[in-house]
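So in our numbering, the last spot in the sequence shown is 327, and the numbers never skip.
As structure tokens, the structure follows; a few thoughts come after it.
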Amino acid sequence: MRLQQLRYVLEIARQGNHLSAAAEALHTSQPGVSRQVQMLESELGFPIFQRTRNRIIGLTEPGEQVLEIAKRVVGDLGTLRILKDDVSAISRGTLVIATTHTQAKYVLPPVVSSFLKNFPDVQIVLKQGDPEGICSLVDAGEADIAIGTETAREFPNLVGLPCFELTRSVVAKVGHPILSAEHLTLEEVAQYPIITYDPRFAGETLHRRRWKVLGAFEQAGLEPRIVLSAIDADVCKTYVLMGLGIAIFASVSFDEKADVGLGIRDARHLFESSMTYLKLRSNAYLRPYTLEFIRRLAPHLTPDIVREALQNRGRGPTVQG
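As structure tokens, then:
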């Protein structure tokens, strides 16, 4: 007994017992279909179809049961094929992630490492840019997901899911007085030359058209002296080590082991934090391995929550953008 024979039985029934039509639909010959059905009947020991002068006119009583069994078997095979495709999609493919320098260097490495240990056949492609640029890549279909902070520009075709907050710190060369200040205040920070991110690249998004860091000083009536801005924290650190000023950037960008010669002070009480968002096209089909990567990045973003957000874009407190 072969699966092909059950398919032939199904197709003959679908075609109203017309053997020639069934053969055409199956892209085979009429004698071939007839022969396979006869072989199945011989194996079963009873006729499946009623015949008159070698023409099929209907199903026999046991043939009705064969048809129902054939439907289940062929249907289950289709389900198995879908499962096979999904399992294949989990274990093999390409995931294009658009993200900022801070996320790519300081947030994503442990996530990517953990993910690739379980999915070694998935190739990850990182495309870096500023928060608006990475959203544009996803919007244009050039990336699957974007991971970055808030944007001033709206992207109506994207759904944003909040992942986690990035707090800010003050970083200075070891021995700098700011590191030993009893209570870190904006007034104290404003006394020194400041090195920080270029707001376009930092996710220091314009809030009410103000850069968040600069806005904190302005609200306090202070005018800081920003001597240098760069597109990533590593460049800022280089100039801090040269003694040109103190830096203000995302706390996650500081590595105690690697950043020898530098010290850090938590400044979350002085500067508003930035929310890191995951951005997806609202009509995106997400492969299982993409959903798994998202879950590893932000455990609260389970596959069900992500799917629901895509289905109900624009509604509910968890959907932004």
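In this text, a Cβ means the ideal position worked out from N, Cα and C, and glycines have one as well.
Residue of the options minimising C-alpha distance to residue i
i, options, result
"M248", "T34, L9, V177, F125", "V177"
"N318", "R302, L286, K133", "L286"
"V102", "R293, P305, F52", "R293"
"E148", "V113, H107, T100", "T100"
"V80", "H107, G181, R13", "R13"
"M45", "T202, V15, A28, L32", "V15"
"T5", "S259, T157, D82, A27", "Because the chain spans 7 through 327 in this model, residue 5 falls outside it and cannot be assessed."
"E156", "P305, P162, Q36, Y283", "Y283"
"M281", "Q71, L73, K218", "K218"
"I237", "A146, L316, A256", "A256"
"V72", "E47, L86, K90", "E47"
"R20", "L83, K77, L228", "K77"
"L316", "V117, V118, P162, P37", "P162"
"L50", "K90, D82, M7", "M7"
The beta strand (DSSP E) enclosing residue i, as first and last residue numbers
i, result
"Q11", "That residue, Q11, is in no beta strand (DSSP E); its alpha helix (DSSP H) goes 9–20."
"A256", "252–256"
"V233", "232–236"
"I62", "61–65"
"D272", "268–272"
"L132", "128–134"
"R57", "55–58"
Beta-carbon spacing of residue i, residue j below 8 Å
i, j, result
"V131", "R98", "no"
"V4", "Q10", "There is no way to answer for residue 4, as the model of the chain reaches only from 7 to 327."
"L303", "L190", "no"
"P53", "G64", "no"
"V180", "G269", "yes"
"S279", "L172", "yes"
"C141", "L307", "no"
"L234", "L220", "no"
"T106", "D136", "yes"
"A273", "I300", "no"
"K133", "L122", "no"
"V165", "S288", "yes"
"T296", "D150", "yes"
"I18", "I62", "yes"
"L192", "A226", "yes"
"R159", "E188", "no"
"S175", "R271", "yes"
"S35", "A28", "no"
"D232", "H182", "A quick correction: the sequence has Ile, not Asp, at residue 232. Contact: no."
Residue i: first and last residue of the uninterrupted alpha helix (DSSP H) it sits in
i, result
"Y245", "239–247"
"Y112", "No alpha helix (DSSP H) contains Y112, which DSSP labels as neither H nor E."
"Y283", "From DSSP, Y283 is part of no alpha helix (DSSP H) but of the beta strand (DSSP E) over 280–287."
"S360", "No answer is possible for residue 360: the residues shown for the chain start at 7 and end at 327."
"F299", "294–303"
"A27", "25–31"
"L101", "Segment 99–105 is the beta strand (DSSP E) holding L101; no alpha helix (DSSP H) there."
"A315", "309–317"
query: Considering only residues of the segment 146–227, which uninterrupted alpha helix (DSSP H) runs meet the minimum length of 4 residues and lie entirely inside it, listed in chain order?
result: Runs of the alpha helix (DSSP H) inside the segment 146–227: 192–195, 205–208, 218–225.
field: contact_flag[the segment 182–201, the segment 242–257] where n(CB pairs < 8 Å) is 3 or more
entry: Using a Cβ-Cβ distance cut-off of 8 Å, the segment 182–201 and the segment 242–257 are in contact, since at least three pairs of beta carbons, one from each stretch, lie closer than that value.
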